[in-house]
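Working notes, structure below.
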Amino acid sequence: MKINKMEINGFGRLENRSFVFGPGLNVIYGCNESGKSTLLAFIKAMLFGLKGGRRSKEGFLPPAKQYKPWAARMYGGTIEYELDDGHRYSVNRNFEKNTLAVYDEHANNITGEFPADKDEGVRFAEQHLGLSKNCFNRTVFIGQLQSVIDREGKKVLSERMTNIRQSGDEEVSYRKAVKALKEAQLSYVGSERSTTRPLNIISSRLDEAIREEQAAAKLHEDSINIFIDLDRAKREEIALNKELEALLVERKRLLDIAEIKNLQDTIKTLEEYIDKLNKIDLRKREIKNEITRIERKIQPFQSYKNFSQADIDSMVEDSARFSYIDEDYRRLIHQRDEIEEKIKDDEDVLSEYDIFNEYGAEIDAVLDKILNDEGGQAGMEQDGAEKINRMKNRVETRKRVTAIGAILSFLLLLSTVLFPGYYHQNAYLPLLAIGIIVFAGMGALFLYTLKKQKLLLEEDNAKNREYEAIQAERQENRRIVNKWVKEANVETLQDFIRLKGLYEDKKLHLQNLRENKERLEEDGEKIQVQRNDVLKRINKKLETAGLNTEPGVLAEQIQIWKDNLKDYLESVRLREELDNENDLLLGKEESLYREISLVCGEDIKTQRQLSKAVEIRKAKLDGREPEAQVEEYNPSHIEERIQTVNEQIRQNDLLISRLSAMLENIPDDESLQRIHEKVLELTEEKQKILFLGEAIETAVQVLSEASLSIQRDYVPSLNREIGDILNTITSGKYKQVNADDSLYLNILSPESPEWVLPEQLSSGTADQVYLALRLAAIRLVEKNGETMPLFFDEPFVQYDEERTENALRLLLGESHTRQIFLFTCKKREIELLIKLKTNEEILTHCLHE
Amino acid sequence: MEQRVSFIHCADIHLDASFKGSGCESFSSERRKDLKKTFEIIINTVIEKDADFLLISGDLYEHDYTAKSTVNWLNEQFSKLGDKPVVIVPGNHDPYVKNAWYRIYPWKENVRILTTASPEYIYNAGNVYFYGIGFDTFRQEQLPDIKPPSISAEKINICLFHGTLDMDFTENPYNPSSSEELHKLGFDYYALGHFHGRNESLIEKGMIYPGSPEPLGFDEKGEHGVYLVNISKKNGEVENQYCFIPVQQRKYLEYNLDAGGIQSEEDLLKRAALLLERSSTERDIVKINLSGRISADINLDLTALKQALSDRCFSLSINDCTYPDYVLEELAKEKNITGVFINMMKEKIENACGDEKQMLEKALYIGLEALLTGKVDIS
C-alpha cells in the first residue's frame, strides 16, 4: 500500500492542507506543535475512523472531539492510496457527520461493498490492508526507539525483542500476559495451596454454611420429632386424665358407698349412744327422785347426821353393857342383901363365943405357940438341923471334889510344864492352857467352899440359942390355955381348940361375908360408875337424837334410836350410793360424749348436739342406700392406682414442659431456608470463581500453546528475517540470530564464538538489531499481504550523529520496497538524508505554513 | 339424575420454599410471604366461587423447610372453608413420609389426605369419589403399588395425581405414567400436579396441570393461578368446564438488553430504565440479560445500575453477558500470538457446548485482556 495523496479539510490544527506523497521515503518536517502527530492521527482516522463518545475512561476527550478543527468548517478530508495490486482508492470522511465514502479509481462509490458495524463503521481498511486497526497501529507506527545507551534502555529493547519472539509482536508480552493471568488467578480465584484467596474464603464459608445447614436441617428434623413426641405426650395426657377421671369417679362411687355405710354405721352408733344416754338420763332422773325421797325421808332425822354405824355398834354395846351392868348391879345388891343377912346371923352366933371375943388374939398366939411347940418345934428343929446338915454335906462334898479337881489339874499342868516333849507339838499349847484354866477354876471353887463351910457353922450356933428361949415361953402358954378350957366349959384342949376352931370358922365366915359385902359394895360402886358412864353415853345419844332418856323407856328409846339411826344411815348410804351411781352415770355420760365426739369428729357435749349430728348425717345420707352388690372399697388399691396415674401425669407434664421448652427453643422461622439460600448463593459464587479459575487456567494454557505455535511457526522466519536485515545493516557483521531455551534472543557475534544477548552489544548495534526486528516483524506480518508504509515519528531524537546516519541509511534502504514516512523536527536529519541520498527520491514536506 | 360439582384445583404451592437470593436480603422472606398470600387468595376463591371443595395435587409445602408455625397457619386457612373438604395428595416435596406433617399434625376435619395406604375418599353422600396417587417418599421412580380405584358411573370420579405424564424421563423420573394409562382408569377429572407451568394440553382427557399458583423462578414465566372446574354428569355423560383464575402475586420477567455501542453507563441506565418503564414491573421480579460488545473503556458497575433501578421492580438481577469490543475477526488475522490465541480459542469454543462454551468464551476474553493490556481486571 502506498498513500499517494491526502487532503485535509480540517483536522485538529491542520486545515485545508494537501499532501502528495512519493512511493519511497517521505520526510515530513515541522517544528514542535506544527502538527506532525495530528497528521499521523489523520492518516489513522482516515483509514480506521475516530472513536466517538463523550469522554474516555482516562478523562481525556474522545478522539472525535480531540481533533475537531479549531476554525475550519469542515471536519474531515480525503486520502488516496494505491494497493500493491495497483488499484487506487479514494476515501472521503466527514468526522463531524461521521460519514464515509470509498471510491475506486473509477470514482465509483464502493462503500457498500465493505463490511460495516455500528461501532467501527465501514471496515474498508481491514479489507484492503489485511490488518486490524490495532495491528496497523502497532505495526506501521514506529515512535522513538528509546534505545538509550544505558542498561535500562537495553533491557527495554531486550523485552521488546523477546515479545516479538514469543508473541510475534513487540508490544504484546506473552510473559506479561501469563503473569497477569496468574496474578488474576491468585487474586480472583486462589489455589489449593493458598489460604486467603477468594476460592479459599468462599470454600470455607460454603463449608461452614453447609455445616450450618446440616445443623439447621437436623434441628428442623428434631423439631418435627419433638412435635411428634409432644403430640404423643399430649395424647397420653388426655388418656391419663381420662383414666384419672374414671378412677376418681370410681373412688367417689366407692367413697359414696363407704360414706353411706359409714353414715349408716355412724347414725346407728349415734342412735345407740342416744339410747345409752337416754337410759343414763332416765336413771339419773330416778336417782334424783330417789335422792329427793331419801332426803325428804331423812330430813327429820338430821339429828342423826353426826351418827354412824359405829355409834350404833357402840349403842348396842352400851345398851348390852348397861343391861349386864344393871343386872350385875342388881345381883350385887341382892347378894349384898343376902350377905348382910348372913352377917347378921353370924354375928348372932358369934355373940355366944365371948371368951374368944375377949381373948381372941391372945388365945391364938398362945395356942399357936403350944401347937407349934408340940409338933412344929421338933419338926422345925429337925428341919433346921437337917437343912444345916445337908448344907454341910453339900459343902463338904464340893470341898472334896474341888480339892481333887485342883490337884488333878495341877498335876496335868505340872506334867505339861515338866514334860512338854511328851505331847504332840500341836496339842501341847492347848493342853497347857486348859490345865491352867482348870487348875485356876478348881482352886477358886475350893476356896469358895471353904468359906461356905465356915458360914454354916456360925448359923448352927445361932439356932441353938433361939431354941432355949422358946422352951421357956412354951410353959407359960400351957398354963393360960388350961384356964381358958375351963372357962369355955370344955373338957380338953382339943375341944377348946375345936371350939375355937368353930369360932374362928364362924368369925372367918363372918369376916368373909363382910369382906364379900365390902367387895360387893365396892363392886356395886364400880358398877354404878360404869352403869352411869354407859347410861350417860346412851342418854347423850338419845338426847342428841331427841329421844326420851327416862330410865323406864330406855330400852325402847334405844331401840327407836337404833332403828332410826339404822334407817337414817341406810338412807344416807343409799343416797351416797345413788350419788355415786349418779357420779358414775355422769362419768359414763362424759365418756360416751367423748366417744361420740370421736365418732362425729366434732365436739359433742349435749344430746341436742348429738341429735343435730345425727340429723346432719341423716340429711347427708338423704335416704341413700348402698348398692346391692357392693364390692369392698379397697382404698389402698384405688389410691395406689390414682397415685400411679397422678405420677404418670406429673411425669408426662414434665415431659410436655421439657418438649415444649425444647420446641420453643428451636427457631420456628425461616432460618433453614435462609441458610439453604446462603449455601446456594455461596455454591453459585464458588462456581463462578471456579468458572473464572478454569477460564483463566484455560487462557494460560491456550496462550502457552499459542506461544509455542508462534515460536514454532513464526520465530524461525523471524530469525531469518532479522539475520538478513542485520546482515544488510551491519554490512555482514551480524547475520545470525537465535533463541535460547528461555526464549531469549541471542545473537552470534563475530567477535565471540558464543551467542550474546542484545544488551551485551553496543548501543548502536542494539538499535540496529531493534530496527531489524521491527522490519522483520513487519515483513512477517505483511507476508503474503499488502506491503505496509512505515511511519517513523521522531525516531532518532536520542541518537547521535553516527547512529542517526546509520538508521537513515537503513530507512533509505528499506524505502526501496515500501513507502516510508519520517516525521522529524530536526533539519539535521534532512541534511543527513540529502547527504546519504543515492538514487532514491526523497520527498520532503514541510508542515509549516 | 344430573350431578354437579364445582371445585378449585391447584398444586405446587411449595409453602416455605427457599428462594435463590437476588441480592436482597428480604427477598426470599417476602417471596415466602407471597406464597402464603397466594394461598389465602386460593382459599378466598373457593369461598367466593362457592366451590364444593378444594383439590391440592401435591407439593403444598416443602417438607424440608416447613415449620410448625406454617402448618398451624395452613390449618387455620383450611378451617376458613368450614365443611368444604380439602382433598390433598402428597407430592415429592411433601411426601407422606414417617414424620410428614400430613401424618403427624392434627388437621381440621375437612382436610382429607389421600395416601397409598388410603387412596380413597367419598364425599357428599357418595356423590363424589376421590382417588389419589401421590408420593410416600421423596423419590418415587415408578407408580406406587396402590389398590385399584372403584370407579362408579353414578359418581363423579376425580383422580388426584402428582407426577409426570407422557414424559420420557430416563433419569430422575417422578411417578412416571402416561395420560393414556391414567385415562384408562376412567376418572371424570384428573387433578394433576408436579409441573409448575400451566398445561392444558391434555384437557381433552380431563387432565390439567394447573402449574404453581405463584411462580417460583425465572423458568416459570407467564400467568400463574388455579382452575375452577365444573363437572356435571348426567346418564354417564360428563361435561367439564374449566376456568383459569390467576392468583399470583408477582411475575418473573426476563429481558434481553443489547448494551452494544453504549457510550457510557448513563446510556445503559437510560436504556434499562426505559425497558422497565415500558413493562410496568414495579411488583415483579425482573432479570435483565445484558448483551453486546462494550468498549473496554466503559467499566460497567452492575451494583450501581441495580441500585439505580431498584425502585422500578420488586427485585432486579442483571446478568452481564456483554463482552469487550475486541474485533475478533481482525485480531484473529494477526500473525502473532493474539491471532493464534484467538483462533485456537475459537476452535475450542466451536467444539464445546453449554457451560464449557461459556467458560471458553470467558477464557478468550480474559486471555485477550491479558495479552493486549498486560493485566487482568475482573470486577
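The listed protein sequences correspond, in order, to chains A and B.
Residue numbers for the first sequence follow the numbering used here, so the first one is 1 and each next one is one higher.
Residue numbers for the second sequence follow the numbering used here, so the first one is 850 and each next one is one higher.
Idealized CB from N, CA, C, for every residue including glycine.
Source: prediction; values computed, not measured.
- prompt: Per DSSP, residue 845(A) is paired with what?
  reply: Position 845 of the first sequence, counting from 1, holds the residue named residue 845(A). DSSP lists 28(A) as partners of residue 845(A).
task: Specify the secondary structure class of residue 416(A) as computed by DSSP and reduced to three states.
output: In the first sequence, counting from the first residue as 1, residue 416(A) sits at position 416. Residue 416(A): helix per DSSP, three-state reduction.
message: Which same chain residues end up closer than 8 Å to residue 496(A) when comparing Cβ atoms and leaving out the 5 residues on each side of it in sequence?
response: Walking along the first sequence from the start, residue 496(A) turns up at place 496. Closer than 8 Å at Cβ, skipping near neighbours: 481, 484, 485, 488, 490.
field: Neighbour flag for residue 1107(B) against chain A, beta carbons, 8 Å
entry: Translated into positions along the second sequence, residue 1107(B) becomes position 258. So, not an interface residue.
- request: Taking only beta-carbon positions, decide if residue 200(A) is within less than 8 Å of chain B.
  value: Residue mapping note: residue 200(A) aligns to position 200 of the first sequence, counting from 1. So no, residue 200(A) is outside the interface.
task: Verify the CB distance criterion: does residue 1014(B) have a CB-CB separation below 8 Å to chain A?
output: Here residue 1014(B) refers to the residue found at position 165 when the second sequence is read from its first residue. Residue 1014(B) does not count as touching chain A.
- prompt: Under three-state DSSP, which class holds residue 1011(B)?
  reply: In the second sequence, the residue the question calls residue 1011(B) occupies position 162. In the structure shown, residue 1011(B) sits in a strand (DSSP, three-state: E or B).
- request: Check whether the Cβ atoms of residue 1063(B) and residue 1098(B) lie closer than 8 Å to each other.
  value: Walking along the second sequence from the start, residue 1063(B) turns up at place 214. Walking along the second sequence from the start, residue 1098(B) turns up at place 249. It is a contact, given that the beta carbons lie within the stated cut-off.
query: If you run the structure through DSSP and keep just helix, strand and coil, what is residue 1097(B)?
result: Your numbering for residue 1097(B) matches position 248 in the second sequence. The answer is coil: DSSP assigns residue 1097(B) none of H, G, I, E or B.
message: Please tell me whether residue 28(A) and residue 816(A) are closer than 8 Å, where the distance is taken between their beta carbons.
response: Counted from its first residue, the first sequence places residue 28(A) at position 28. Counted from its first residue, the first sequence places residue 816(A) at position 816. Taking 8 Å as the Cβ cut-off, residue 28(A) and residue 816(A) do not qualify as a contacting pair.
message: If you follow the beta strand (DSSP E) that residue 791(A) is in, where does it begin and where does it stop?
response: As a position in the first sequence, residue 791(A) is number 791, starting the count at 1. That run of the beta strand (DSSP E) goes 790 to 793.
task: Give the straight-line distance between the Cα atoms of residue 1069(B) and residue 1152(B), rounded to the nearest whole angstrom.
output: For the purposes of this step, residue 1069(B) is identified with residue 220 of the second sequence, where counting begins at 1. For the purposes of this step, residue 1152(B) is identified with residue 303 of the second sequence, where counting begins at 1. Whole-angstrom Cα-Cα distance: 25 Å.
- request: Please report the residue range of the alpha helix (DSSP H) in which residue 530(A) lies.
  value: Counted from its first residue, the first sequence places residue 530(A) at position 530. Per DSSP, residue 530(A) belongs to the alpha helix (DSSP H) from 493 to 544.
message: Between the alpha carbons of residue 616(A) and residue 241(A), how many angstroms are there, rounded?
response: On the first sequence, position 616 is the one that residue 616(A) refers to. On the first sequence, position 241 is the one that residue 241(A) refers to. Rounded to whole angstroms, residue 616(A) to residue 241(A) spans 34 Å at the Cα level.
- prompt: In the DSSP assignment, what are the bridge partners of residue 15(A)?
  reply: Within the first sequence, numbered from 1, the residue matching residue 15(A) stands at position 15. Note: residue 15(A) sits in a beta bridge opposite 10(A).
message: Please report the straight-line C-alpha distance between residue 406(A) and residue 428(A), rounded to a whole angstrom.
response: Looking up residue 406(A) in the first sequence gives position 406. Looking up residue 428(A) in the first sequence gives position 428. Answer to the nearest angstrom: the Cα atoms are 20 Å apart.
DSSP beta-bridge partners of residue 1056(B): Position 207 of the second sequence, counted from the first residue, corresponds to residue 1056(B). Answer is 1039(B).
query: DSSP puts residue 1090(B) in a beta bridge; with which residues?
result: To locate residue 1090(B), count along the second sequence from 1; it is residue 241. In the DSSP output, where bridge partners are listed per residue, residue 1090(B) has 1079(B).
message: Can you pull the chain B neighbours of residue 677(A), defined as C-beta to C-beta under 8 Å?
response: For the purposes of this step, residue 677(A) is taken as the residue at position 677 of the first sequence. Within 8 Å Cβ-Cβ: 867, 868, 869, 870, 877.
- request: Determine the DSSP secondary structure at residue 85(A), reduced to helix, strand or coil.
  value: Looking up residue 85(A) in the first sequence gives position 85. Residue state, collapsed to three classes: coil.
message: Counting only C-beta atoms, is residue 673(A) closer than 8 Å to chain B at any point?
response: As a working note, residue 673(A) is residue 673 in the first sequence. Closer than 8 Å to some Cβ of chain B, the Cβ of residue 673(A) qualifies, so yes.
- prompt: If you compare alpha carbons, which of 1079(B), 1084(B), 1092(B), 1067(B) is closest to residue 1048(B)?
  reply: Your numbering for residue 1048(B) matches position 199 in the second sequence. Residue 1092(B) is the option with its Cα nearest to residue 1048(B).
Run of the beta strand (DSSP E) containing residue 940(B), from where it starts to where it stops: Within the second sequence, residue 940(B) is the residue found at index 91, counting from 1. Run containing residue 940(B): none; DSSP gives neither H nor E here.
- prompt: Using 8 Å as the Cβ pair cut-off and three pairs as the minimum, do the stretch 655 to 675 of chain A and the stretch 214 to 224 of chain A touch?
  reply: yes
Alpha carbon of residue 344(A) to alpha carbon of residue 510(A), nearest angstrom: Position 344 of the first sequence holds residue 344(A). Position 510 of the first sequence holds residue 510(A). Their Cα atoms are separated by approximately 9 Å.
- request: Give, in chain order, every residue of the stretch 1167 to 1186 of chain B whose Cβ lies closer than 7 Å to some Cβ of chain A.
  value: 1174, 1176, 1179, 1180, 1182, 1183, 1184, 1185, 1186
message: With a threshold of 8 Å between beta-carbons, can residue 864(A) be considered close to chain B, or not?
response: Residue 864(A) lies beyond the stretch modelled for chain A, which goes from 1 to 849, so this question has no answer here.
- request: Using a Cβ-Cβ cut-off of 8 Å, state whether residue 694(A) counts as contacting chain B.
  value: By one-based count along the first sequence, residue 694(A) stands at place 694. It does: the Cβ of residue 694(A) has a partner Cβ on chain B nearer than 8 Å.
query: Got a sec? Which residues, its chain only, sit under 6 Å from residue 742(A) by beta carbon, not counting five neighbours each side?
result: The residue given as residue 742(A) occupies position 742 in the first sequence. The predicted model places residue 742(A) with a pLDDT of 49, which falls under 50 and marks its position as unreliable; any figure quoted below should be read in that light. Within the same chain, residue 742(A) has no close Cβ partners at all.
- request: Rank 1004(B), 912(B), 1079(B) by C-alpha distance to the C-alpha of residue 954(B) and give the top, closest one.
  value: Within the second sequence, residue 954(B) is the residue found at index 105, counting from 1. Measuring from the Cα of residue 954(B), the nearest candidate turns out to be 912(B).
query: Would you say residue 108(A) touches the ligand HEM, meaning its beta carbon is less than 7 Å from a heavy atom?
result: With respect to the ligand HEM, the structure offers nothing, as it holds no ligand at all.
task: Can you pull the chain B residues whose beta carbon is under 9 Å from the beta carbon of residue 793(A), in chain order?
output: Indexing the first sequence from 1 puts residue 793(A) at position 793. The contacting residues do not exist; residue 793(A) stays about 21 Å from chain B at best.
message: Taking the alpha-carbon of residue 104(A) as reference, which of 97(A), 92(A), 96(A) has the nearest alpha-carbon?
response: Here residue 104(A) corresponds to residue number 104 of the first sequence, with the count starting at 1. Of the listed residues, the one whose Cα sits closest to residue 104(A) is 92(A).
- request: Determine the direct distance from the alpha carbon of residue 181(A) to that of residue 1220(B), and round the result to whole angstroms.
  value: Your numbering for residue 1220(B) matches position 371 in the second sequence. Your numbering for residue 181(A) matches position 181 in the first sequence. Their backbone Cα atoms lie some 9 Å apart in a straight line.
message: Quick check on residue 875(B): does DSSP put it in helix, strand or coil?
response: On the second sequence, position 26 is the one that residue 875(B) refers to. Looking at residue 875(B) - three-state DSSP - the assignment turns out to be coil, as it is neither helix nor strand.
query: So what does DSSP say about residue 859(B), is it helix, strand or coil?
result: As a first step, residue 859(B) must be located in the second sequence, where it is residue number 10. Looking at residue 859(B) - three-state DSSP - the assignment turns out to be strand.
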